[in-house]
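Following our numbering, the numbering of the sequence shown begins with 18 at its first residue and continues without gaps.
Even for Gly, the Cβ is constructed at its ideal location relative to N, Cα and C.
Quick notes on the structure that follows.
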Amino acid sequence: MPSIRPLSHHARRALHNTSFQGLTQIWYLLLRAIYVIFFARLVGLEAYGQYNYAQIWYLIALSVTGWGMHEWLLTRWQAVDKEQRQALADTGLALRVLLGTGGTLLVLCCAVILESDPALRWLIMIYAQGVVLRGLTAWLHALFTSRERSELILYTSMPVSLLEVVLALGLAWAGYSLLVIALAQTLCWWLGLAATWWAYRQHLGSLRLSWQPAFAREFLAGGALLALASALLAWMGPGLLVAVRHYMDDGPTLGEAALVIQVLLMLGQALRMVTNATLPFLTRPGEDLTLRQRGFASQTWHVALYLGGAGYLLGVQVLPSLTIRLLGESFQQAGILLAQFSWILIPLGLVQTLRLLLIGRGLYRQFLLALVLGGAVLGLAVAVLVGREALSLPSLFTGLGLAYAASVVVMLRQLATAGIALSAATIIRGPLVLAAAVALSHIAQPTVSAASAALLGISLLALAALHHWWQESSRGAG
Numbered sequence: 018m019p020s021i022r023p024l025s026h027h028a029r030r031a032l033h034n035t036s037f038q039g040l041t042q043i044w045y046l047l048l049r050a051i052y053v054i055f056f057a058r059l060v061g062l063e064a065y066g067q068y069n070y071a072q073i074w075y076l077i078a079l080s081v082t083g084w085g086m087h088e089w090l091l092t093r094w095q096a097v098d099k100e101q102r103q104a105l106a107d108t109g110l111a112l113r114v115l116l117g118t119g120g121t122l123l124v125l126c127c128a129v130i131l132e133s134d135p136a137l138r139w140l141i142m143i144y145a146q147g148v149v150l151r152g153l154t155a156w157l158h159a160l161f162t163s164r165e166r167s168e169l170i171l172y173t174s175m176p177v178s179l180l181e182v183v184l185a186l187g188l189a190w191a192g193y194s195l196l197v198i199a200l201a202q203t204l205c206w207w208l209g210l211a212a213t214w215w216a217y218r219q220h221l222g223s224l225r226l227s228w229q230p231a232f233a234r235e236f237l238a239g240g241a242l243l244a245l246a247s248a249l250l251a252w253m254g255p256g257l258l259v260a261v262r263h264y265m266d267d268g269p270t271l272g273e274a275a276l277v278i279q280v281l282l283m284l285g286q287a288l289r290m291v292t293n294a295t296l297p298f299l300t301r302p303g304e305d306l307t308l309r310q311r312g313f314a315s316q317t318w319h320v321a322l323y324l325g326g327a328g329y330l331l332g333v334q335v336l337p338s339l340t341i342r343l344l345g346e347s348f349q350q351a352g353i354l355l356a357q358f359s360w361i362l363i364p365l366g367l368v369q370t371l372r373l374l375l376i377g378r379g380l381y382r383q384f385l386l387a388l389v390l391g392g393a394v395l396g397l398a399v400a401v402l403v404g405r406e407a408l409s410l411p412s413l414f415t416g417l418g419l420a421y422a423a424s425v426v427v428m429l430r431q432l433a434t435a436g437i438a439l440s441a442a443t444i445i446r447g448p449l450v451l452a453a454a455v456a457l458s459h460i461a462q463p464t465v466s467a468a469s470a471a472l473l474g475i476s477l478l479a480l481a482a483l484h485h486w487w488q489e490s491s492r493g494a495g
């Protein structure tokens with residue numbers, strides 16, 4: 018029987034780092050799920066859509082003003098001498114303050130100029146401060162991850178995020194307006210930044226605003242392409258709510274789109290933060306660097322297809338009825354949409370993980386090229402649908418899935434040219450198994466129950482995953 022190779026010291030450290038990132042994201046997902054369920058029921062479908070739309074503006078600005086510095090730091094940290102790391106951290110802090118302040122001002126301007134609804138305008142303006150507050154907190158979290166102390170992220174974020182949810186739900190239950198809820202949430206963001214800053218100083222030393230021109234140039238030049246990539250990723254997701262608000266409806270349709278996009282964002286963000294913790298492992302110099310990266314690419318491909326496929330088959334069966342039970346009858350159509358388009362998590366998961374290999378190799382232009390193509394596909398789809406007056410949520414989400422898939426194709430091609438090529442058999446086998454599982458589930462439905470048919474498809478995916486694990490174990494033992 019094949020044996021599993023023992024983990025190296027570096028791999029164990031990466032596993033420790035990733036494990037705490039995973040625990041943090043599990044906590045975040047559970048808490049956010051509880052929050053979404055109760056908050057949506059308390060405020061209703063239309064208010065829920067307006068609430069998410071108001072937050073989208075600062076989230077888009079936050080992703081762009083991040084300037085790719087999180088990933089840039091994780092890749093650069095390993096190559097910098099210990100004496101220089103303090104200057105690297107301090108310069109990054111100064112840049113995050115400057116970029117975050119600029120992003121906050123930009124959101125404020127957009128609210129004043131572009132939003133005609135006074136209530137929505139004020140909501141957007143209140144949440145605008147999240148660009149600088151959450152940006153600084155994210156920088157401290159990136160430093161924790163770089164120093165492989167991700168447990169500090171868990172310890173500082175758990176109590177503050179719990180407080181934020183309790184306050185928001187309590188205010189919603191008491192009948193307070195969205196404006197009051199927004200003020201309470203932003204106060205929690207201030208508290209979260211203070212707690213994270215205190216933990217850094219207690220465990221890792223001082224941190225201050227500083228400006229080292231060499232590091233600043235590296236951050237700005239190296240992160241520019243990642244900032245553009247973040248803007249494109251923001252368009253291929255939260256940015257769609259802006260299209261829905263201005264081209265379709267700001268009532269129930271906006272609420273339905275908000276629920277689907279928020280679930281995708283929650284899962285995509287969790288995956289991004291967990292996989293970011295593997296960057297030190299994927300970029301640490303060594304003779305086995307390419308082997309490590311190629312193995313990561315292969316595992317990513319199979320996990321995304323098999324686990325994502327199983328999630329889709331399960332979601333189609335349970336999400337429509339589960340959404341009604343949890344959120345109420347008004348969210349029925351949103352649950353159907355969420356079930357139908359849960360397959361988007363497969364290409365989204367691949368984008369979020371394969372990007373690490375491109376970043377780790379310094380292939381920022383290639384990463385940007387992949388997202389440019391994906392963003393162009395989505396933009397073209399929206400333009401055509403609007404021109405033909407055929408824009409609908411199903412067509413919009415179909416275009417989103419195709420955009421992610423186009424990006425994945427380009428990323429695989431670029432990785433192959435960098436020596437991280439998946440074999441043709443690997444690339445073909447995964448989608449074929451996934452297609453066979455979905456087809457088996459649909460074919461079996463006339464003769465067995467829908468749940469049994471889904472179980473058949475999931476069983477096929479599980480067998481394929483076990484077969485892949487057996488092959489990898491045998492290859493390692495050999």
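- P337 is positioned such that its CB atom lies closer than 8 Å to that of G352.
- Shown here, P230 sits in a helix according to DSSP, grouped into three states.
- For M86, the three-state secondary structure derived from DSSP is helix.
- When only Cα atoms are considered, Q103 and S227 end up about 10 Å apart.
- In the structure shown, T295 falls within a coil segment according to DSSP collapsed to helix, strand and coil.
- Approximately 4 Å separates the beta-carbon atoms of G120 and T82; this is inside 8 Å, confirming the contact.
- In the three-state reduction of the DSSP assignment, S194 falls in the coil class.
- For V425, the enclosing alpha helix (DSSP H) begins and ends at L410 to T434.
- In this structure, the alpha-carbon of R446 lies about 10 Å from that of W318.
- Counting only residues of its own chain and dropping the five nearest sequence neighbours on each side, Y172 has a CB closer than 8 Å to the CB of A216.
- In this structure the stretch 69-85 lies against the stretch 250-258, because at least three pairs of beta carbons, one per stretch, are closer than 8 Å.
- If you check the CB distance, L288 and Q369 come in under 8 Å.
- A direct Cα-to-Cα measurement between L271 and L59 gives close to 17 Å.
- In this chain, the alpha helix (DSSP H) harbouring E100 covers K99 to L131.
- Between the alpha carbons of R342 and A454 lies a gap of roughly 28 Å.
- When secondary structure is reduced to three states using DSSP, G272 falls in the helix class.
- Each residue's CA atom was taken as its position, placing V177 and T307 some 40 Å apart.
- Contact holds between the stretch 355-363 and the stretch 413-427, because three or more Cβ pairs, one in each stretch, are under 8 Å apart.
- Per DSSP, the unbroken alpha helix (DSSP H) holding F384 starts and ends at Y381 to G404.
- In the DSSP assignment, G152 falls within the unbroken alpha helix (DSSP H) covering G147 to S163.
- For A244, the CB contacts under 6 Å within the same chain, skipping 5 residues up- and downstream, are V81, W84 and G85 in chain order.
- For V320, the secondary structure class from DSSP, reduced to helix, strand or coil, is helix.
- In this structure, L224 places its C-beta atom within 8 Å of the C-beta atom of R218.
- As summarised for the stretch 199-268, the continuous alpha helix (DSSP H) elements at least 4 residues long and confined to that stretch are 230-252 and 256-264, given in chain order.
- Beyond the five residues adjoining it in sequence on each side, A111 comes within less than 7 Å, by CB distance, of L226, S227 and W228 in the same chain, given in chain order.
- Taking 8 Å as the cut-off, the Cβ atoms of G222 and W156 do not count as close.
- A straight-line Cα-Cα distance of about 7 Å links L46 and M283.
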